[in-house]
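Numbering (the numbering used here), first residue to last: 530 to 635.
Structure follows, in structure tokens:
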């Protein structure tokens, strides 16, 4: 889920809380706040303390990923693995690195 607004964050927290089968009071106890705070954050409170939001996300097993804009999808935040061994292996008996000096292989 992409979160662009406080309302989006509240919707996400409510969804994950219900998925974990937690009531608002139970989540509040895990975070160390009162039920009213949970109600406000789920309602899209725009000035919620980031530390408490992070605690809420931890309690509901949610996470925040921050990265560049780009295509969205299930794997949009994951980089493709790259095998660098072929790039490091010399292609001839003399390997000349890009930084300008050479080393002769024996």
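Ideal Cβ positions, reconstructed from N, Cα and C, are used throughout, including at glycine. Note that the coordinates shown come from a computational prediction; the quantities given were computed from them, not determined experimentally.
Less than 9 angstroms divides the Cβ of residue 556 from the Cβ of residue 546. Around the Cβ of residue 571, a 10 Å sphere holds 16 or more other Cβ atoms; the residue is buried.
Between residue 559 and residue 584, the gap from beta carbon to beta carbon is short of 9 angstroms. Here the C-alpha atom of residue 533 lies approximately 40 angstroms from the C-alpha atom of residue 614. The C-beta of residue 596 has fewer than 16 other C-beta atoms within 10 Å across all chains shown, which makes the residue exposed. DSSP places residue 587 in the uninterrupted alpha helix (DSSP H) bounded by 579-588. With 16 or more neighbouring CB atoms inside 10 Å of its own CB, residue 567 falls in the buried class.
Where residue 537 is concerned, the enclosing alpha helix (DSSP H) starts and stops at 535-548. Per the coordinates, the alpha-carbon of residue 562 lies some 47 angstroms from the alpha-carbon of residue 612.
Spanning the alpha carbons of residue 542 and residue 609 requires a straight line of approximately 30 angstroms.
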